[in-house]
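Asker:
2 protein chains.
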Amino acid sequence: MVNQVQRVDGSWQSCKSDSSGASNNNSGGESSKESSRCSTPVLDVDRSDRLRDKMRRRMESGDRWFSLEFFPPRTASGAVNLISRFDRMGTGGPLFIDITWHPAGDPGSDKETSSLMIASTAVNYCGLESILHLTCCNQTKEKISGHLAKAKHLGLKNIMALRGDPVGADWEEEEGGFNYATDLVKHIRSEFDDYFDICVAGYPTGHPEAESYEEDLRHLKEKVDAGADFIITQLFFRADTFLKFLDDCRAIGITCPILPGIFPIQGYQSLRQLVKLSKLEVPEEITRVIEPIKDNDAAIRNYGIKQAVEMCRVLLDSGKVPGLHFYTLNREVATMEVLRQLGLWIEDPRRPLPWAVSAHPKRKVEDVRPIFWASRPKSYIYRTQDWDEFPNGRWGNSSSPAFGELNDYYLFYLKSKSSKDALLKMWGDELMSEESVYEVFTCYITAQPNRSGHKVMCLPWNDEPLAPETNLLKDELEKVNRRGVLTINSQPNINGKPSTDPIAGWGPAGGYVFQKAYLEFFTSSENVNALLKVLKKYEPRVNYHIVNVHGRNLTNAPDMQPNAVTWGIFPGREIVQPTVVDPDSFMYWKDEAFALWIEQWAKLYEDESPSRMIIKYIHDNYFLVNLVDNDFPLESCLWQVIDDMFELLDAAPETLHDAPETLHAAPETLDAAPETLDAAPETLHAAPETLHDAPETLHAAPETLHDAPETLHAAPETLHDAPETLHDAPETLHAAAAPEPVKDGAASK
Amino acid sequence: MVNQVQRVDGSWQSCKSDSSGASNNNSGGESSKESSRCSTPVLDVDRSDRLRDKMRRRMESGDRWFSLEFFPPRTASGAVNLISRFDRMGTGGPLFIDITWHPAGDPGSDKETSSLMIASTAVNYCGLESILHLTCCNQTKEKISGHLAKAKHLGLKNIMALRGDPVGADWEEEEGGFNYATDLVKHIRSEFDDYFDICVAGYPTGHPEAESYEEDLRHLKEKVDAGADFIITQLFFRADTFLKFLDDCRAIGITCPILPGIFPIQGYQSLRQLVKLSKLEVPEEITRVIEPIKDNDAAIRNYGIKQAVEMCRVLLDSGKVPGLHFYTLNREVATMEVLRQLGLWIEDPRRPLPWAVSAHPKRKVEDVRPIFWASRPKSYIYRTQDWDEFPNGRWGNSSSPAFGELNDYYLFYLKSKSSKDALLKMWGDELMSEESVYEVFTCYITAQPNRSGHKVMCLPWNDEPLAPETNLLKDELEKVNRRGVLTINSQPNINGKPSTDPIAGWGPAGGYVFQKAYLEFFTSSENVNALLKVLKKYEPRVNYHIVNVHGRNLTNAPDMQPNAVTWGIFPGREIVQPTVVDPDSFMYWKDEAFALWIEQWAKLYEDESPSRMIIKYIHDNYFLVNLVDNDFPLESCLWQVIDDMFELLDAAPETLHDAPETLHAAPETLDAAPETLDAAPETLHAAPETLHDAPETLHAAPETLHDAPETLHAAPETLHDAPETLHDAPETLHAAAAPEPVKDGAASK
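Which chain is which? The protein sequence lines are Y and U, in order.
The numbering of the first sequence is full-length UniProt numbering, which starts it at 1 and goes up by one.
The numbering of the second sequence is full-length UniProt numbering, which starts it at 1 and goes up by one.
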């Protein structure tokens, strides 16, 4: 996918382990034990493994990993930022991330900032394997079990079991209560059997409250014996500290993976604070360097990076450390730089599927999605979160699950990352006409600043700037957007590129990927009339779905079946077809796509304001169109289709604009194809009337409607000068969609 | 598919109606009413329609059809012949065939010659829409209902409801019994509702027993009013007779389709007999021509063809006749010639799927099959006849149904069409060695006569001669078969040919079809050892399954998943992947493929005869191998794989034949890949021992075994001269597979 599709979304699912897995694949081996008829092609072995198995396979193949620790944000906008940080840091290929638990911060609540919700978002929406911290100190069993049950329900599979800090000094051991992390580990295993992978904390210099280093080691052994799967250590400043600890652990029989906790020093204050909390001592060789530069943040960070890299190198070179765990403090730069220098940050462009997979266990078989949500994968995941079963293999095998309601545009992970002010700067403080909207789209495509000098970095349907490869299509996209073909999604045709292709590739090596060219856009009913005429010439090469906000669906899709538009052929597998143009789900997408006009754009402006009315007019009157060129081995004809449409419009401007009988002819095109209508009878009943009447009305009431669109299209400066005129015009235009009010409109004028 | 695959099998599913259907496909139309999420791509609309709907669509599109009437055969070999006639006459595209009902011949029994079984075979195994005749005269309701229930169970959907001839002159109307066809029509509708399409007979000159022509017309109207869907008429000799009858039917309100019964005169005697039975008069203009040439069969047949063509032209030109029904008398030539001259015989090479679809209603969603049965589709249908659900879309979605037992090789539709004598002539009265077998395969491939001058027209795995397009691969196939790579199935790679391609195409127009190259053969364990070494170089490009009769399965199939080897991309559809290499079903096919050595070949020879022992040796010791080249855009590497194997064998003949340590090395290849073994532990346990020991034994006892294979391979003339030696040798060879008896064999020698 190219235009307005964030390809990069799915790329953090590193295929490293897949390729190492593939080399073991000489076998029916592991999976054949379960069933040789699995219900999904399982392109990515990692996807179905639990964390401890992933670790085991990485260790077997000598493939080192890293992981990242974050704490929950304080505010909703902090949450939005953290989630986009997850997306960015996910691209480097962490084996997992973990989210800390702060009892004072209501960590198990449904608030968008809670530990539980942040971890759930990381798993479900960012596709990241995640560990949720959980502390047990001063908690009832019921409360702990409640948190765990909720975590399981949300798709979390890993728990970091901690005691937590007692509140106040008067803490005492509670009979039968949770006094130590061991109690929590036992509780998890007793209540949830083997469901969760459990991590526990190790203290390379001993827990500050432990009687002795040896005593603390014995506690650690107890935690592991109680059922922990692996250990992450507290931070330390010398590689030797960890390596000695590791040897001591092995000596008393702790055999599970032990991951060193790495803390790249990022600033003087944060170091002091952390050291105070953790009761650690900063070695003299570090303080000696840091103290003199304590006011120079950049210098300290550079030193921190250098120090962390050196220490990590020693750890890795020891051959005893399979992976490194980073205390990120929710920052990106230092950790990413350390990882880059270590060669562990690998932005592997290969993806298991063309879209961002979710890490929720019940979605592990998901291998097909409608193309419509390509730019809004989080919205698709949200709207399908209640599905019990995901379409896999053939879309049609799904038991027709319903899409979730589109009832909350303010879900934090669907929120725009830009503020209202920033959006107004990009999309216009004041819209003059429909053409102002065309200009916003055009600026987004061309990445050129708009009239007020601001770059348009996003659109309601596209949260990210255009992908670089879209430059290939930029000229065509610019041309059509300028003329009101408002593109929101597209992909070029691909005729068998290697699955390892850095741009188009996905899935295991040795395969070939294919695409049918796809184009999706909003455009006026006038354009649609011309388009429908043009499309007759492209039967059956081009499939189309054309729908307005009222749900009228004009299509030539055979039997309303899904059309596979992205598929891959891989060695020894069935065909995988992860992206389809599905007629059913298009009707759900249509609701979302039209609603975004209002919710994300129109509502930036005051009620009844001309700007809002212009967006509302588009919402009420434009059609959402998708086109598929089925002839994928040939150069896409979709641009030619649009060119032909413009040519038809240009060739007969007087016909289409002035001569009422021609305009009558145009709706006949729509009426002539009643068999192409979606079956819903009420829609059929309502919609043709609307369409049929609308152009008539436009011309029956020339004093209002005929003039108004001309004005809107041709003379923005006029409108700019006469806002009160504009104020009337869109209202009237809006009314034109419904037959009745039109005469009133004309009369009131 | 090319080699040994009867492409033509599926081709009678004419796409004519599909193309006309496609032109209506501008719509969500018909099928969207049911469900927009159908469980199968429904490539062929015809396939899911009932006969009366097919007729309606043909009439709407002005697309004329023909149909063919057959009577059940008297003998089992007659049944085999009739079924291959169905296959041949099916290629011309009849809309349906019908099978007559003769109460005296036990027509409802399970005998292979019964009307019911013949009709069921036509539907299930030949994919032909079929009508079963049923007469009711002198039958109890219970018996009639029993026949109908059985017909429904067997997948029959259409009944020709007839009174039948009363037995003897003392027939009387029975109170409440079946006295007229009308009673039968009513009974069918009352007991089976709308399940069956019902046809009734019309008599253009009136039924011989009717009081009058008008009285008979009224009876016909009653039959239609009782629920008949269409009418087929008795034969007649003048077009006018039918056209008048048609007008008279319409005049009294009969509106259903009325199909003229055409009887091409094929001989003097058959004409006389038919005229006597039907109490018709032959018009004077015909007798005048025929009488003088009554002893000249060819002349009469030529006249019959000419007369029928002329009459049919008049009927078709009237515009009142949508289709012609032919009384074939179970013969091909005359009817096919009439149809060819009329332009109605259309061997449309297009097929809805690459294999022959079955017309059983429960198989209408079937759209994937394992490639293994490509040459034995009737066997596949037989072995899966009890499945409740057919794999559609993804093979893996099927609930793992079991294959039927391979318990009856003498099922009449699986029987060889050749006699034992003919088979012995093709495959050899007496086999000298394994190389004699190689020669049979080679002669089959090259279509050259064998040593005794007979062409090898079939093999146990291939009932038909090689398809003409196999000539492209002939040189390679000859080369490898000559050296003991005994090919039984193959297809070339195809990288996106149009779906309308006359050789490779299938499915609706406007699509593209693809194939991965496939090769399946039997070969010796010696060859397999070399092959396994060679295949390491082709990872992961080539997937293989290698299995011996004991079920040991060496494979590199990832996760034992099916590999799609034939697929198609069509406008507006999901991907269709009708042919897969499925690891599970390969184990069922293996049983069948190995058993055919014994059942169809070894058993031609006397028990204990050298010839039988040679085949048994191959059966016991050879491996069945399949190879898939996953890199379908490149030229197939499978021939190179085989060449490499030969090269390895040739390069080190002394290594492989003489040096025991090397031979020990070879089995290690097998032992080194335990993870590639199918999981069944008992197989694992038994098979490697056998393999590991076998070569050792071969060389530990050089005085017997080492000599024996050499003799078998190199010196057939020696063996020919010394049959008593040969008699011992294969026995010993056979024993070599099991470690214990070998020493006995050596001792006894």
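Virtual Cβ for every residue (Gly too), placed ideally from N, Cα, C.
On a predicted model such as this, the values are computed, not experimentally measured, just so you know.
Based on DSSP bridge pairs, tell me the residues matched to I642 of chain Y.
Answerer: Looking at the DSSP assignment, I642 of chain Y forms no beta bridge with any residue, so it has no partner.
Asker: Whose Cβ in chain U lies nearer than 8 Å to the Cβ of G510 of chain Y?
Answerer: In chain order: P540, R541, N630 and D631.
Asker: Could I get the ranges of all uninterrupted alpha helix (DSSP H) runs contained in the stretch 187 to 258 of chain Y, with 4 residues as the minimum, in chain order?
Answerer: As far as the stretch 187 to 258 of chain Y is concerned, its whole alpha helix (DSSP H) runs of at least 4 residues are 213 to 225 and 239 to 251.
Asker: Taking only runs that begin and end inside the stretch 89 to 156 of chain Y, name each unbroken beta strand (DSSP E) of 3 or more residues, in chain order.
Answerer: As summarised for the stretch 89 to 156 of chain Y, the continuous beta strand (DSSP E) elements at least 3 residues long and confined to that stretch are 96 to 99 and 130 to 135, given in chain order.
Asker: Let me make sure I understand the geometry here. Which of U:E435, U:S115, U:S418 and U:N462 has the alpha-carbon closest to that of S379 of chain U?
Answerer: U:N462
Asker: Mark S358 of chain U as exposed unless 16 or more other C-beta atoms lie within 10 angstroms of its C-beta, in which case mark it buried.
Answerer: buried
Asker: Starting from the beta carbon of W567 of chain U, find every residue of chain Y whose beta carbon is closer than 7 Å, and list them in chain order.
Answerer: I575
Asker: Are there 16 or more other CB atoms within 10 angstroms of the CB of N296 of chain Y, so buried, or fewer, so exposed?
Answerer: exposed
Asker: Give the list of continuous alpha helix (DSSP H) stretches no shorter than 4 residues that lie fully inside the stretch 339 to 398 of chain Y.
Answerer: 377 to 383
Asker: Is T500 of chain Y helix, strand or coil when you go by DSSP?
Answerer: Note: T500 of chain Y maps to coil in three-state DSSP.
Asker: Quick one, are the C-beta atoms of F521 of chain U and V547 of chain U less than 9 Å apart?
Answerer: Not a contact, by the Cβ cut-off of 9 Å.
Asker: With DSSP as the reference, label F632 of chain U as helix, strand or coil.
Answerer: coil
Asker: Between the stretch 203 to 226 of chain U and chain Y, which residues of the former have CB atoms less than 9 Å from a CB of the latter, in chain order?
Answerer: none
Asker: Let me know if D197 of chain Y comes out buried or exposed under the rule of 16 or more other beta-carbons within 10 Å of its beta-carbon.
Answerer: Result: buried.
Asker: Count the CB pairs spanning the stretch 195 to 214 of chain U and the stretch 265 to 272 of chain U that are closer than 8 Å, and state whether there are at least three.
Answerer: no
Asker: For the candidate residues U:W345, U:C312, U:E526 and U:G155, whose alpha-carbon lies nearest to that of I381 of chain U?
Answerer: U:G155
Asker: R52 of chain Y by DSSP, collapsed to three states: which one?
Answerer: Here R52 of chain Y sits in helix by DSSP.
Asker: Closest to H360 of chain Y by CA distance: which of Y:R64, Y:V123 and Y:L634 is it?
Answerer: Y:V123
Asker: Are the CB atoms of E476 of chain U and G92 of chain U nearer to each other than 9 Å?
Answerer: no
Asker: With a threshold of 6 Å on Cβ separation, who are the neighbours of L519 of chain U within its own chain once the five nearest residues in sequence on each side are excluded?
Answerer: S490, L627 and L638
Asker: Would you list the residues sitting across from M160 of chain U in a DSSP beta bridge?
Answerer: U:H133 and U:C199
Asker: Output the boundary residues of the alpha helix (DSSP H) element that contains S525 of chain U.
Answerer: S525 to L535
Asker: Less than 9 Å between CB atoms is the rule here; does F71 of chain Y satisfy it with respect to chain U?
Answerer: no
Asker: List the DSSP bridge partners of I488 of chain U.
Answerer: In the DSSP output, where bridge partners are listed per residue, I488 of chain U has none listed.
Asker: Which residues in chain Y have a C-beta closer than 9 Å to the C-beta of A564 of chain U? List them in chain order.
Answerer: I569, R573, E574 and I575
Asker: With distances taken from CA atoms, which of Y:I118, Y:K141, Y:I642 and Y:R552 is nearest residue 772 of chain Y?
Answerer: Residue 772 of chain Y is absent from the model: chain Y starts at 1 and stops at 749.
Asker: Does the beta carbon of V580 of chain U sit closer than 9 Å to a beta carbon anywhere in chain Y?
Answerer: yes
Asker: Only counting the same chain, and skipping five residues up and downstream in sequence, which positions put a Cβ closer than 6 Å to that of M55 of chain U?
Answerer: P257
Asker: Within the 9 Å Cβ cut-off, does A505 of chain U reach chain Y?
Answerer: Before going further, note that residue 505 of chain U is Gly rather than Ala in the sequence given. Chain Y contact via Cβ: absent.
Asker: Is there a Cβ of chain Y sitting closer than 9 Å to that of G551 of chain U, yes or no?
Answerer: Chain Y has no Cβ within less than 9 Å of the Cβ of G551 of chain U.
Asker: Within its chain, find whatever has a CB closer than 8 Å to the CB of A504 of chain U; leave out the 5 residues flanking it on each side and keep chain order.
Answerer: Here the set comprises I494, K497, V513 and Q515.
Asker: Measure the alpha-carbon distance for R57 of chain Y versus I575 of chain Y and round it to whole angstroms.
Answerer: 27 Å
Asker: For F237 of chain Y and I286 of chain Y, which I take to be in contact (beta-carbon distance under 8 Å), what is that distance rounded to the nearest angstrom?
Answerer: 6 Å
Asker: From what residue to what residue does the beta strand (DSSP E) around F263 of chain U run?
Answerer: Per DSSP, F263 of chain U belongs to no beta strand (DSSP E) and is neither H nor E.
Asker: Going by C-alpha distance, which of U:T335, U:L535, U:E284 and U:V309 is nearest F646 of chain U?
Answerer: Restricting attention to U:T335, U:L535, U:E284 and U:V309, the CA atom closest to the CA of F646 of chain U is found in U:L535.
Asker: Specify, as a first and last residue, the run of the beta strand (DSSP E) that F594 of chain U falls within.
Answerer: Taken as a continuous stretch (DSSP letters only), F594 of chain U belongs to no beta strand (DSSP E), being part of the alpha helix (DSSP H) at P583 to L596.
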